[in-house]
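Here the structure is laid out as structure tokens; the discussion comes afterwards.
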Ligand SMILES: [Zn+2]
Ligand SMILES: [Zn+2]
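Numbering (the working numbering), first residue to last: 479 to 786.
Shown next, in the form of structure tokens:
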């Protein structure tokens, strides 16, 4: 295992902005507690449910928020939305020399794993999910829930819409099971590694599902974490437009870094093959070195759909 490369970016102070403060988020929970009297303990213990579109998104852009909610006494449930099929990762890990060169954690930077590169890439799904479970453990979440949805967000338009509906159906089940839960999704309308490129379809499908459930009144308490900002923007630009910038305390950052390192651990005995680091090395490195997360409310001008 190697430590992600550090970049010599100069940290900048937080800029002035309109924010939902951490105190504000906590205050809502307190108010709820007060208004429910005898059931206040149950209300206060309502879970915060985080929905990671793929294996790695929770470590990159949600880990600090997960730890913030745990520290506030909330049970945290972590959902893996998609199976994370990805032929590109199999291609990288089937080839020597590695595209990552000396940054690769495999012994001698060599790997010829012989994994299936075509859908549904079973070894990739399995290894990515092992990394996800190790990350969840590092973060100390109370429950891991795997929706196991095939990631058809990049298929035809109707496959995309069907994927959104499947996410909605699964989230609806959790709303019914935990009526007082709060729900945290990826800010899919923002999640692209390059602002001139389309957003990640899987991430957009997740925020679309939240949008529709909010629109019809089923989903009340919902927030969104901007996952791809670490790669899309330089450090001074990452907080642009965020409703709340979480400054992650150092004790929590230590755990977040452990979660990130789950995606850069080569340990075949534990089914760990650094799939995350071979998929999004820059994002993992930048998130590792930036102790902030970026939280959004649902925009009033939200546009559902995969887009172009
Ligand atoms: Zn993702
Ligand atoms: Zn490699």
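Ideal placement from N, C-alpha and C gives every residue a C-beta, glycine not left out. From a predicted model like this one, the values you see are computed outputs, not experimental measurements.
Simplified DSSP state of residue i, which is helix, strand or coil
i           : result
residue 661 : strand
residue 771 : strand
residue 554 : strand
residue 526 : strand
residue 622 : strand
residue 472 : The first residue shown for the chain is 479 and the last is 786, placing residue 472 beyond what the model contains.
residue 632 : coil
residue 602 : helix
residue 613 : helix
residue 580 : helix
residue 642 : helix
residue 656 : coil
residue 778 : coil
residue 812 : As shown, the chain starts at 479 and ends at 786. That puts residue 812 outside it, with no answer to give.
residue 785 : coil
residue 762 : helix
residue 591 : coil
Beta-carbon proximity list for residue i, same chain, < 8 Å, skipping 5 on both sides
i           : result
residue 611 : 622
residue 523 : 551, 552 and 553
residue 646 : 687, 690 and 691
Any non-hydrogen atom of ligand 3 within 7 Å of residue i CB
i           : result
residue 730 : Ligand 3 is absent from the structure shown, which contains only ligand 1 and ligand 2.
Same chain, Cβ closer than 6 Å to residue i, neighbours up to 5 away in sequence not counted
i           : result
residue 525 : 553, 555, 656 and 659
residue 689 : 780 and 782
residue 619 : 554 and 556
residue 548 : 554
Neighbourhood of residue i by C-beta distance below 7 Å, restricted to the same chain and skipping five residues each side
i           : result
residue 592 : 572
* **Uninterrupted alpha helix (DSSP H) stretches inside the segment 673–744 (no shorter than 4 residues)** => 679–693, 707–710 and 728–739
* Asked: Do the segment 550–563 and the segment 621–637 make contact, defined as three or more Cβ pairs closer than 8 Å?
  -> yes
* Asked: In chain order, what residues place their C-beta within less than 6 Å of a heavy atom belonging to ligand 2?
  -> 576, 578, 582, 584, 587, 589 and 756
* Can you list every residue whose CB sits closer than 5 Å to some heavy atom of ligand 1, going in chain order? -> 531, 532 and 535
* **Validate contact between the segment 769–776 and the segment 697–707 using beta carbons, cut 8 Å, 3 pairs** => yes
* Is the number of C-beta pairs between the segment 575–595 and the segment 538–546 that are closer than 8 Å three or more? -> no
* When the Cβ atoms of the segment 765–772 are set against those of the segment 714–731, are three or more pairs found closer than 8 Å? -> yes
* Asked: Are at least three pairs of beta-carbons, each pair with one atom in the segment 728–737 and one in the segment 746–753, less than 8 Å apart?
  -> no
* Asked: Is there contact here, the segment 529–536 with the segment 677–684, by at least three beta-carbon pairs under 8 Å?
  -> yes
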